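Counting in our numbering, the sequence shown runs without a single skipped number right up to 391 at its last residue. Every residue, glycine too, gets a C-beta built ideally from N, C-alpha and C. For clarity, every value in this text was computed on a predicted model and none was experimentally measured. Below is one structure, written out as structure tokens, with a few remarks after it.
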Amino acid sequence: METEKLYYADPFLRDFTAKVLSCDQVKLGWAAVLDRTAFYPEGGGQPADQGTLDGVNVLDVHEKNGQVFHICENPVEIGETVTGHIDWTRRFDHMQQHSGEHILSGILCEAYHCDNVGFHLGADTVTIDYNTDITWEQALEAERRANDYIYADVPIEITYPSREELKSIDYRSKKELTGQVRIVRFPGADCCACCGTHVLRSGQVGLIKILSCQKFRDGVRMEILCGRRALDYLSKTWEQNRAVGQRLSVKIFDTAAAVERLEAELNDAKARQTQLEDELFARVAAEQTDKGDVVLFRSSLRTDGVRKLADAVSRACGGLAAVFAGEDGQYQYALIRADGGDISSLVKDLNTALRGRGGGRNGFAQGFVQSGKAEIEAFFEAFRRE
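Pasting the structure below:
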């Protein structure tokens, strides 16, 4: 006996009564079959509804051979009449996302002669794959048209045409269909075969916002939000931008320009820092001219600064330059031999003796040690005596 699908007759039905026909224990709980249900089973890219049956949590819903199975946390009594309650926040969110995807896909596919070849309604965002290249500007134009369609509050049409009637209908479908086909039409925007639940009027979608449009396989993958999700996202984005504007003492719509100015100032500061470092390293290196093997300590240097100083010193001293930057117990190091000779055995011994990690080749090595200055100096004193 097939389950009567109340979610098709009235997608806004939140509470209903039904008779329990069976309830069998399964891996994830108890699978209850009712004579009728408002719980939508997972299908067509849309997740299943959740809710309760007589207060028992419904964790998942799926359909097989026309019967809808409600995976419940606990069993419900066979033969009893139960009251079902749909998690309406979840259901309406799914309806907004699914209907919004139809509107946007219909507009994109008509405008750019592409197909929707993938759809996933996730917990956070909706992803859609199209089999042609779509630019960001084209995506935004489609978004504008989709929202204009939402504002028009167009009634949605759902029909079950015969096989003969279906031949004369131009509709989207990602696969060959058998049996009764359900056509969901958004007049003027989309016509598609679909088994999901949808809003009754386009205005109930509320809003569509495209978050990204990235190259994917032979086309693009879009990430979108609709309805309440889009509103929440834009509200959070607005609050973030407002906070940034306050920190930068600029108006909200001037934050990008202000950040660009900060980036330019930062790049100038980095260039000046590099210049000053180079001048400092040159002076330090000059002090080590022709001294042979040298060990130097610095309180703090950037990782590339440790290497640059070691390089400058090695060229001046003519031997091994060992530079350690940090504080007792945690030093970065860089070792460079002026002649490029092999130092792999030295690095191995250093890492063992000074509790370090690192390596390199061609007369260069870098890493870190967990030792104090005295231990490091003692290690190199022993190295010089060898």
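Rounded C-beta distance between residue i and residue j? I'm assuming under 8 angstroms.
i, j, result
"ASP59", "ILE76", "At roughly 15 angstroms, the Cβ-Cβ gap does not stay under 8 angstroms, so ASP59 and ILE76 are not in contact."
"LEU126", "GLN101", "Not quite, the Cβ-Cβ distance comes to about 10 angstroms (not below 8 angstroms), so this is no contact."
"ASP40", "LEU18", "About 15 angstroms separates the two Cβ atoms, so there is no contact after all."
"THR8", "GLN72", "5 angstroms"
"ILE213", "ALA235", "7 angstroms"
"ARG190", "GLU162", "4 angstroms"
"ALA321", "VAL328", "About 12 angstroms; that fails the 8 angstroms criterion."
"LEU253", "ALA261", "Their Cβ separation, rounded to whole angstroms, is 10 angstroms, which puts LEU253 and ALA261 out of contact at 8 angstroms."
"ASP20", "HIS90", "5 angstroms"
"SER104", "VAL210", "5 angstroms"
"ALA317", "PHE286", "4 angstroms"
"GLN337", "THR308", "6 angstroms"
DSSP on residue i, reduced to helix/strand/coil?
i, result
"LYS256", "coil"
"VAL289", "helix"
"GLN375", "coil"
"GLU332", "strand"
"ARG362", "strand"
"ALA370", "strand"
"ILE341", "strand"
"THR294", "coil"
"ASP347", "coil"
"GLU268", "helix"
"GLU386", "helix"
"GLU391", "coil"
One question on the structure: do residue i and residue j come within less than 8 angstroms of each other, judged by their Cβ atoms?
i, j, result
"ALA23", "VAL87", "yes"
"PHE124", "GLY50", "yes"
"GLN335", "PHE373", "yes"
"LEU113", "ILE229", "no"
"ALA343", "GLY324", "yes"
"TYR117", "ILE139", "yes"
"GLN371", "GLY377", "no"
"ASP15", "GLN55", "no"
"ASN136", "ASP223", "yes"
"PRO52", "GLU68", "no"
"GLY368", "ILE341", "yes"
"PHE44", "VAL31", "no"
"GLY178", "CYS200", "First, the residue type needs correcting, since residue 178 is Ser and not Gly in the sequence shown. No, the pair does not count as a contact, with Cβ atoms beyond the cut-off."
"GLU115", "ILE133", "no"
"VAL289", "LEU267", "no"
"THR42", "LYS10", "yes"
So that I know if they touch, is there some Cβ in chain B lying closer than 8 angstroms to that of residue i?
i, result
"PHE385", "You won't find chain B in this structure, because it holds only one protein chain."
Any idea which residues DSSP pairs residue i with across the strands?
i, result
"GLU68", "VAL73"
"LEU301", "VAL328"
**Request:** Scan the stretch 94–159 and note each continuous beta strand (DSSP E) run of 3 residues or more that stays entirely inside, going in chain order.
**Result:** Within the stretch 94–159, the complete beta strand (DSSP E) runs of at least 3 residues are 121–126, 131–135.
**Item:** In chain order, each beta strand (DSSP E) run of at least 3 residues that lies wholly inside the stretch 7–95
**Value:** Fully enclosed beta strand (DSSP E) runs of 3 or longer: 20–31, 34–39, 56–58, 61–69, 72–77, 86–91.
**Prompt:** What runs of the beta strand (DSSP E), each 3 residues or longer, lie entirely inside the stretch 162–249?
**Reply:** Here the runs fully enclosed are 162–164, 188–191, 195–198, 213–221, 224–231.
**Item:** Whole alpha helix (DSSP H) elements within the stretch 303–330, 4-residue minimum
**Value:** Within the stretch 303–330, the complete alpha helix (DSSP H) runs of at least 4 residues are 308–322.
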